[in-house]
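**Student:** Questions regarding the structure given below will be posed in turn.
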Amino acid sequence: MHPLAVRSHARELFAQGSSVRTIALALNIPYQTVANWCHRKVADERRFTEARCPRCLQPPSTPGAGEQYAYLLGSYLGDGHLVLRAKVPVLRVYCADAYPAIMDAVGGAMLAVLANSVQRISGKNCTTVQSYSKHWPCLFPQAGPGRKHERPIVLEPWQEEVVAAHPGAFVRGLFHSDGCRTTNRVTKAGRVYEYPRYLLANESADILALCGAALDRLGIAWRPNRRNSLSVARRDAVAHLDLHVGPKS
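Residue numbers (our numbering): 58 to 306.
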């Protein structure tokens, strides 16, 4: 399919009085293709994700739904996958059935950022929230062959800009996908102490570092507690993170 800008330009020339043949020769596009563009009833171009992809604009821009994109980016880096082998790329985020509100949040973010429609595919204790678009790779350039922890995960400068503007939404997406808020129990001198804490587990050191940087930006204390996880456990830090994440539902 020819780019939306080319199709729109051809229609503009036709509306200004140029013939289909002249336009076809000028654009080096087959006559019948240009005729189809100019003579058919024009569909609402907004239904094409190309018309809404901020990276395909000239010049490229950041997503207008910045907070929703930051959340979706965190969800994708946590438990998402962008299938590039399909004829039309499909963005998938895997959500536990126990948390229907998170499914709604992920689907809503897809619609706000780019998608025309979102599907839910039921599995065993898990639902895949997914959307097809040729332009998902424009918004998730981290997609590639193999597992995320087997390749570098580095944000593009424009993604860093979005995450810097919306660090709370970014960490919410990460903790909704790969994290939890749990009760930690410690026994000292025969007494049991309980306190809430957040844990985020991910095999990618790069993704953990991105989460840590966003927590730093929010002023939330954290520490690595294992090779593949980080912890937010100080009382004030947990209370602060509650404002951005809160219990799953």
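For each residue, glycine too, the CB sits at the ideal point set by N, CA and C.
Use the C-beta contact count for L298: other C-beta atoms within 10 angstroms, 16 or more gives buried, fewer gives exposed.
**Tutor:** Buried, since its Cβ has 16 or more Cβ neighbours within 10 Å.
**Student:** With the cut-off set at 8 Å, would you say V295 and R254 are in Cβ contact?
**Tutor:** Yes, the pair counts as a contact, with Cβ atoms nearer than the cut-off.
**Student:** Could you please give the first and the last residue of the uninterrupted alpha helix (DSSP H) stretch that includes C195?
**Tutor:** 193-196 is the span of the alpha helix (DSSP H), which, as asked, contains C195.
**Student:** Give the secondary structure of R64 by DSSP, where H, G and I count as helix, E and B as strand, and everything else as coil.
**Tutor:** Helix.
**Student:** Check the C-beta distance from K205 over to I264 and give it rounded, since I have them as a contact under 8 Å.
**Tutor:** With a Cβ gap of about 7 Å, K205 and I264 count as contacting.
**Student:** Taking the beta carbon of L134 as the centre, do at least 16 other beta carbons fall within 10 Å, making it buried, or is it exposed?
**Tutor:** So L134 counts as buried.
**Student:** To the nearest angstrom, report how far apart A62 and G121 are at their CA atoms.
**Tutor:** Distance between the alpha carbons of A62 and G121 is about 20 Å.
**Student:** Out of curiosity, what's the CA-to-CA distance linking L148 and L129?
**Tutor:** Roughly 10 Å between the two C-alpha positions.
**Student:** In terms of residues, what are the limits of the alpha helix (DSSP H) holding C95?
**Tutor:** Its alpha helix (DSSP H) spans residues 88-96.
**Student:** Residues in the same chain with beta-carbon distance under 6 Å from H223, minus the five sequence neighbours each way, listed in chain order, please.
**Tutor:** Hits under 6 Å: G123, E124, A127.
**Student:** Excluding sequence positions up to five away, which residues of its chain have a Cβ less than 8 Å from the Cβ of L84?
**Tutor:** Counting only Cβ-Cβ distances below 8 Å, and skipping sequence neighbours, we find V63, H66, A67, V91.
**Student:** Check whether the Cβ atoms of I159 and H233 sit closer than 8 Å, and answer yes or no.
**Tutor:** Their beta carbons are under 8 Å apart, which means I159 touches H233 by this criterion.
**Student:** Report the residue ranges of all beta strand (DSSP E) runs contained in full by the segment 114-186; include only those spanning at least 3 residues, in chain order.
**Tutor:** Runs of the beta strand (DSSP E) inside the segment 114-186: 137-140, 147-153, 176-179.
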